[in-house]
Amino acid sequence: MHSAKSIFKDALRPMRSFKPIQPIKSSRYYSSSAKNAFNATQAIVYGAVGIAGASFFAFYFTNTRSSFHEYVSVPLLRLLDEELAHDLSILALKYNLAPKDKKKDSKSLQINLWGKTLSNPIGLPAGYDKNALVMDKLFDLGFGAVEVGSITPQPQSGNPKKRLFRLTESQAIINRMGLNNDGIDICSERLSKFVSNKITSENILPNENTVNHAINKLYFENSGNPKKFLGVNVSKNSSSHHDDDTDFLTGIRKLGKFADYIVVNISCPNVTNLGSGNNLDSLNETMRLARIECNKLSKPDIGINKPALVIKIGPDYSAKELEIISQLALKNNIDGIITCNTSRSRPDTVTASNKSLAAEAGGLSGAPIKDLALKTTSLVYKYTQGKIPIIGCGGIRTAQDVLDYGLAGATLVQVYTGMVYKGPGIASALKDDLLVLLDGKNWSDIVGAGHSKQ
Numbered sequence: 001m002h003s004a005k006s007i008f009k010d011a012l013r014p015m016r017s018f019k020p021i022q023p024i025k026s027s028r029y030y031s032s033s034a035k036n037a038f039n040a041t042q043a044i045v046y047g048a049v050g051i052a053g054a055s056f057f058a059f060y061f062t063n064t065r066s067s068f069h070e071y072v073s074v075p076l077l078r079l080l081d082e083e084l085a086h087d088l089s090i091l092a093l094k095y096n097l098a099p100k101d102k103k104k105d106s107k108s109l110q111i112n113l114w115g116k117t118l119s120n121p122i123g124l125p126a127g128y129d130k131n132a133l134v135m136d137k138l139f140d141l142g143f144g145a146v147e148v149g150s151i152t153p154q155p156q157s158g159n160p161k162k163r164l165f166r167l168t169e170s171q172a173i174i175n176r177m178g179l180n181n182d183g184i185d186i187c188s189e190r191l192s193k194f195v196s197n198k199i200t201s202e203n204i205l206p207n208e209n210t211v212n213h214a215i216n217k218l219y220f221e222n223s224g225n226p227k228k229f230l231g232v233n234v235s236k237n238s239s240s241h242h243d244d245d246t247d248f249l250t251g252i253r254k255l256g257k258f259a260d261y262i263v264v265n266i267s268c269p270n271v272t273n274l275g276s277g278n279n280l281d282s283l284n285e286t287m288r289l290a291r292i293e294c295n296k297l298s299k300p301d302i303g304i305n306k307p308a309l310v311i312k313i314g315p316d317y318s319a320k321e322l323e324i325i326s327q328l329a330l331k332n333n334i335d336g337i338i339t340c341n342t343s344r345s346r347p348d349t350v351t352a353s354n355k356s357l358a359a360e361a362g363g364l365s366g367a368p369i370k371d372l373a374l375k376t377t378s379l380v381y382k383y384t385q386g387k388i389p390i391i392g393c394g395g396i397r398t399a400q401d402v403l404d405y406g407l408a409g410a411t412l413v414q415v416y417t418g419m420v421y422k423g424p425g426i427a428s429a430l431k432d433d434l435l436v437l438l439d440g441k442n443w444s445d446i447v448g449a450g451h452s453k454q
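In full-length UniProt numbering, the protein residues as written are 1 to 454.
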């Protein structure tokens, strides 16, 4: 047995030198071809993996059902100023950097309205695409109806900045934008171009060189998409007189031909002269004149129908005031009522969590006004006896919210603030989850169903 000392000495002896094993030599031809074959195979594998990865990412990123948008894109945008984030989102849509809804709408979500069929009841209200810039891209997000505006006869810059505020803890927004928009003439050109592009894409050649005839021949709905509606929201310039309805009538006359429904915005809380929404005496005259002007757009001799005439009211009316408004709407054959615009009120939940921001002037939208808007929807449905379709808007974030509005009497709903916090996939998510809640029923079956149980 070796002692520990001898083992230690052996370990300290230098290792004997040795020749490294030489590689087997082969012909130059064989070595080169093997190397080239390996490189080619490697390139093919890497290329295939790269293409597959890029394709997967492209599909994932461009799909509205991807969680990437809610958990990555939206938080990044929230790091920016509110108005800048909005403008960047418009640019993303304009340059095809936004996702698309790649799934066909279920027939269970269809609704018949104003003589046409709508593929789903989820809409986007006025306020997002104020200047009719990205209508087609918004339909790609999965909305059944897209409303542009509000548009005034003359361009106006709106109120001074800063005028838009996120109340993140309350999932709400306060805005006092002041109806900033590019005006009727510019927006009319964009709407006309939108229609013309749809005509070209469908290879439709109108016999008459008129937008009206082209729209009639397109016959998809004026949105240019099968079973989708385009709404145009019109309002007054801030310089116009309180009791003068000329701006509304001008908007109907010049923009109504592009719309499936035209909205008279009588309730913006950020413009001082839009008092007719709170002045019930002048409201009757506004409705009467708007009805007459809208009827003029009908041209039966060439098969052109007038758009549906819709009024947009606020959520801050008393029950008695809502009853009067409902009666006036019935009297003047109004085709639809949007309930509601933003609210001047500040619920306790807002002031408790966002005390400083809640003090900002402007209209409140988002989760805190849902109960107020839902009550308004229910009362208007009751007072109109379900005879006038209602578009419910205010605090919608989930499919349960959509269902609540349907039960209260809303034929359609609109979501905007929810999209700010949940991202561009909200329409797709609401539709998917709503189908689960419907549990085999059709959306049309539940509209107003909450009243039959009362």
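Ideal Cβ placement from N, Cα and C applies to all residues, glycine included.
Note that the structure is predicted; figures quoted are calculated from it, not measured.
Determine the burial state of residue i: buried for a count of at least 16 other Cβ atoms within 10 Å of its Cβ, exposed for fewer.
i	result
Ala429	buried
Gly425	buried
Pro121	buried
Leu113	buried
Glu169	exposed
Lys306	buried
Asn96	exposed
Gly440	exposed
Val420	buried
Ala361	exposed
Cys452	Going by the sequence as given, residue 452 is Ser instead of Cys. It is exposed - the Cβ of Ser452 has fewer than 16 other Cβ atoms within 10 Å.
Lys228	buried
Asp129	buried
Ser326	buried
Ala427	buried
Ser89	buried
Rounded to the nearest angstrom, how far is the Cβ of residue i from that of residue j, given a contact under 8 angstroms?
i	j	result
Val413	Tyr405	5 angstroms
Ile337	Ile311	6 angstroms
Thr152	Lys236	6 angstroms
Asn181	Asn131	6 angstroms
Asp101	Gly142	3 angstroms
Thr411	Ile186	In fact, because the Cβ distance is near 32 angstroms, the residues do not count as touching under 8 angstroms.
Val146	Gly231	7 angstroms
Asn265	Ser157	Incorrect: roughly 18 angstroms between the Cβ atoms, too far for contact.
Asp247	Ala308	At roughly 20 angstroms, the Cβ-Cβ gap does not stay under 8 angstroms, so Asp247 and Ala308 are not in contact.
Cys393	Pro125	5 angstroms
Thr376	Leu435	Contact flag wrong, Cβ pair sits at about 27 angstroms.
Nearest-angstrom Cα distance between residue i and residue j?
i	j	result
Leu372	Asp433	24 angstroms
Val195	Asn332	30 angstroms
Thr93	Asp87	Before going further, note that residue 93 is Leu rather than Thr in the sequence given. About 10 angstroms.
Glu208	Gly183	Caution is warranted here: a pLDDT of 43 is assigned to Glu208, below 50, making its placement in the model unreliable, and no coordinate value can be reported.
Asp245	Met287	10 angstroms
Lys116	Ile391	16 angstroms
Lys320	Arg176	28 angstroms
Asp81	Ser239	28 angstroms
Ser343	Lys107	34 angstroms
Ile173	Ser365	5 angstroms
Tyr71	Ala399	19 angstroms
Ser378	Gly409	6 angstroms
Ser73	Gly423	8 angstroms
Gly314	Ser267	5 angstroms
Phe165	Ser119	33 angstroms
Lys161	Asp243	28 angstroms
Asn233	Gly127	9 angstroms
Ile396	Lys296	35 angstroms
Ser66	Asp301	48 angstroms
Asn159	Leu84	16 angstroms
Asp136	Pro226	12 angstroms
Tyr383	Glu285	20 angstroms
Thr339	Asn63	31 angstroms
Pro155	Ile262	19 angstroms
Shortest alpha-carbon distance to residue i belongs to which of the options?
i	options	result
Lys299	Thr351, Ile266, Gly256 and Arg288	Gly256
Ser188	Ser238, Tyr128 and Phe258	Phe258
Leu403	Trp443, Gly423, Gly418 and Val234	Trp443
Gly450	Gly386, Tyr71, His241 and Asp105	Gly386
Gly123	Asp140, Glu360 and Val74	Asp140
Ala352	Tyr383, Leu167 and Phe229	Leu167
Thr250	Cys340, Gln327, Phe229 and Glu293	Glu293
Tyr317	Leu309, Leu330 and Ser345	Ser345
Asp431	Leu407, Asp401, Gly448 and Thr417	Going by the sequence as given, residue 431 is Lys instead of Asp. Ranking Leu407, Asp401, Gly448 and Thr417 by Cα distance to Lys431 puts Asp401 first.
Arg78	Ala427, Thr417 and Asp445	Thr417
Leu91	Leu435, Leu138 and Ile325	Leu138
Asp335	Ala359, Leu328, Pro389 and Val350	Pro389
Ala358	Pro155, Arg190 and Gln171	Gln171
Leu374	Gly448, Asn354 and Ala329	Gly448
Would you say residue i reaches chain C, if we count a Cβ-Cβ gap shorter than 8 angstroms as a contact?
i	result
Leu438	This model lacks chain C altogether; it includes just one protein chain.
As an exercise, report each continuous beta strand (DSSP E) stretch of at least 3 residues that is fully enclosed by the region 232–272, in chain order. 261–265
Beta strand (DSSP E) runs contained entirely in the region 346–422, provided each spans 3 or more residues: 363–366, 390–393 and 410–414
Please give the ranges of any alpha helix (DSSP H) in the region 99–164, keeping only runs that are unbroken, at least 4 residues long and fully inside the region. 135–140
Contained alpha helix (DSSP H) runs [length at least 4] in the region 312–352, N- to C-terminal order: 319–331
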